[in-house]
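In the working numbering, the protein residues as written are -12 to 458.
Taking it in order: structure first as structure tokens, then the write-up.
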Ligand code: NAI
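Written as structure tokens, this is what we have:
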């Protein structure tokens, strides 16, 4: 099956449908655009024309290319036969099913129907269709022309050749398609849950303020911290997705939504759009205190513990230090102080002269630590801005990354996607600085499992259950 020269019908001319029509037309397809709302398809085309004219003015597109693209998009007043229909209407199972019944009555047998649903099971949507094998998920991300990822979602009845044809088509459109099995949240919305959930749990347990959590995760390479990101997405939307993933997994407590977020929604503190979420807008997050100038720390005896990249960095910073490469921890001993990379234990559970610090994914920036404040000058000398947080397992970044890896591992275990698919999806769908299995490759599988097991012992619930795939 080949959709290279398919005639398209895009149903739903809203935010997503308009973007999909644009991308398809730019790739050379004839696109009919239909919407039940009077004038919506025409309005979407007019808006697109204005956007593309703007790009001509900036010299990014030629007037000829824009004219050709626009000429390929035809707003239509009724559903039309096509080789490929992409549905981007309201997110409602019954309404989508009714549309598919109408479409099947007028489409040729071999026509493919793709749904852009972000949360409804493709398997369930196909139920009742005459040809369920022709329904496939084609999950674009907003804004469609800019976001590279397309999750190609197969339901139980989807024909493999249909999924492959849509996959190849998306690739031809310059997208990066990834195969996914239809399971709650597909790939991105599922694997991303812990990014929000860990922050919300840290807030519930009063471990750190939102601006500290955000700063630490930004320093780890994320474009936005989880709190500012939830404020941007809107707490109502983010909470609804969390609830739907939770319910769809038969209330597996791993996905339990947060009371902290429930409270924000109850208050109407929905984030940027309502002027207040974790932060007030337009101000946004309060600035963190600038680091105090600290004298370079001194010690009579320095020992670098453990091996790996971090131990090498410590040794490069303090070449005079002794080495204990076979140590069971990674970090620095400086006279009366042990400064350890978190292994999931609280500093106080190790001993009174230990501070634990967070996973330093990048050089420099804000880094969480817990334990004696004498740790600060050492972290500062290493180039970090130390941020003291409550002494909890896995601090901020380590537990977040470990949980993202764990969720991705479960997704792979359950055949939702493969490792490469999970990496691509998280980098392109939500702009993560690395894919979960790339973080795992740079970290240490045993260390991740140990950290999660300690979180599990600490919290006693299902949230930190280690994926069999990872273990
Ligand atoms: P939207 O509200 O901007 O557009 C939906 C359009 O569909 C409206 O113009 C509406 O008039 C039209 N419509 C509703 N029922 C219809 C029907 N029976 N026949 C024809 N047209 C109908 O919504 P948006 O954001 O474009 O979402 C559309 C779909 O894409 C939903 O399934 C949504 O879950 C999914 N999606 C949305 C994303 C987003 O970030 N907004 C991201 C990925 C998927």
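Beta carbons are placed, not taken as given, at the ideal position from N, Cα and C, and that holds for glycine.
Residue i CB to nearest heavy atom of the ligand NAI below 7 Å
i           : result
residue 174 : no
residue 108 : no
residue 23  : yes
residue 100 : no
residue 105 : yes
residue 360 : no
residue 76  : yes
residue 139 : no
residue 3   : yes
residue -1  : yes
residue 418 : no
residue 222 : no
residue 127 : yes
residue 90  : no
residue 82  : yes
residue 303 : no
Exposure label - residue i; buried when at least 16 CB within 10 Å
i           : result
residue 22  : buried
residue 176 : buried
residue 199 : buried
residue 299 : exposed
residue 77  : exposed
residue 400 : exposed
residue 171 : buried
residue -11 : exposed
residue 231 : buried
residue 262 : exposed
residue 193 : exposed
Span separating the alpha-carbon of residue i from that of residue j
i           : j           : result
residue 440 : residue 405 : 24 Å
residue 445 : residue 380 : 8 Å
residue 160 : residue 105 : 20 Å
residue 220 : residue 267 : 15 Å
residue 237 : residue 386 : 25 Å
residue 130 : residue 416 : 11 Å
residue 165 : residue 154 : 7 Å
residue 227 : residue 100 : 27 Å
residue 43  : residue 33  : 15 Å
residue 205 : residue 398 : 25 Å
residue 454 : residue 352 : 31 Å
residue 55  : residue 168 : 36 Å
residue 284 : residue 365 : 6 Å
residue 393 : residue 49  : 46 Å
residue 435 : residue 425 : 13 Å
residue 319 : residue 438 : 19 Å
residue 260 : residue 254 : 14 Å
residue 430 : residue 349 : 13 Å
residue 63  : residue -1  : 11 Å
Where residue i sits in the DSSP three-state scheme
i           : result
residue 141 : strand
residue 151 : helix
residue 125 : strand
residue 183 : helix
residue 344 : strand
residue 60  : strand
residue 21  : strand
residue 198 : helix
Short CB-CB distance (under 8 Å) between residue i and chain D
i          : result
residue 15 : Reference to chain D is not applicable here, since this structure consists of a single protein chain.
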